[in-house]
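Student:
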Amino acid sequence: MFGLIRYTVELCPEVKGQLTNNGAPIANQLIERSLTYEDEELDSVYTDENGCFSLPAKSLKSLKPGSIFHEPVVRIIIDLEKDGKIFNLWIGFQHGLKTPKEFKRLLKNLNADLTNDETKHHLVNPEDSLDEHFIKSIAQLEKQLK
63 MFGLIRYTVE
73 LCPEVKGQLT
83 NNGAPIANQL
93 IERSLTYEDE
103 ELDSVYTDEN
113 GCFSLPAKSL
123 KSLKPGSIFH
133 EPVVRIIIDL
143 EKDGKIFNLW
153 IGFQHGLKTP
163 KEFKRLLKNL
173 NADLTNDETK
183 HHLVNPEDSL
193 DEHFIKSIAQ
203 LEKQLK
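With this note's numbering as the guide, the letters of the sequence shown map in order to residues 63 to 208.
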């Protein structure tokens with residue numbers, strides 16, 4: 063029954079964080095998430111009075127991973143627009159059907175300040191040194207990586 067099995071593809075783990083501007087919480091700010099695997103899935107949330115936000119985990123069922131020619135890649139973008147400028151809280155690609163543990167850990171504490179410069183972060187899976195990821199973010203992920 064080659065190709066008839068539906069595989070679960072983890073698109074994104076639960077996301078929780080806080081948004082600030084020079085340390086002050088930003089309330090009522092729209093944060094948008096774009097997840098692209100087969101199609102693009104969009105969702106969004108507004109920050110609360112403390113600048114906190116959360117987005118639920120997302121996954122889908124797909125036949126594509128059953129093909130020997132298919133390499134699962136999920137694009138994850140979490141961003142916001144303020145005063146005509148786009149701020150990237152997370153831009154990265156996930157390879158495979160499962161979310162890397164580092165993604166889960168970092169996305170549960172995605173705290174970002176609008177005064178931070180966007181930085182490219184290099185993540186290496188501690189269980190597989192060949193599993194590398196590059197994430198762009200205004201969140202100071204390096205503090206969490208130590």
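Virtual Cβ for every residue (Gly too), placed ideally from N, Cα, C.
1) When DSSP labels each residue in this structure, what does arginine 137 get in the three-state scheme?
2) For aspartate 141, collect the residues of the same chain with a Cβ closer than 7 angstroms to its Cβ; drop the 5 residues on either side in sequence, then sort them by chain order.
3) Give me the Cα-Cα distance between serine 129 and glutamate 103, rounded to the nearest whole angstrom.
4) I need the straight-line Cα distance from serine 106 to lysine 78, nearest angstrom please.
5) Check this for me: beta carbons of glutamate 111 and alanine 89, under 9 angstroms apart or not?
6) Using beta carbons (cut-off 9 angstroms, strictly below), is isoleucine 138 in contact with chain D?
7) Going by DSSP, which residues form a beta bridge with glutamate 76?
8) Tell me whether proline 127 sits in a helix, a strand or coil according to DSSP, three-state version.
9) When we look at the beta-carbon of lysine 120 and count the other beta-carbons within 10 Å, is it buried (16 or more) or exposed?
10) Pairs of beta-carbons, one from the region 122 to 137 and one from the region 172 to 187, closer than 8 angstroms: are there three or more?
Tutor: The answer reads as follows:
1) DSSP, reduced to helix, strand and coil, places arginine 137 within a strand of the structure shown.
2) Once the five neighbours on either side are set aside, the close Cβ partners of aspartate 141 are Glu94, Ile148, Phe149, Asn150, Leu151.
3) Pairing serine 129 with glutamate 103, the inter-Cα distance amounts to about 22 angstroms.
4) Roughly 12 angstroms separates the two Cα atoms.
5) It is a contact, given that the beta carbons lie within the stated cut-off.
6) Absent here is chain D; the protein component of the structure consists of one chain.
7) In the DSSP output, where bridge partners are listed per residue, glutamate 76 has none listed.
8) Helix, per DSSP.
9) Buried, because 16 or more other Cβ atoms sit within 10 Å of the Cβ of lysine 120.
10) By the criterion of at least three beta-carbon pairs nearer than 8 angstroms, the region 122 to 137 is not in contact with the region 172 to 187.
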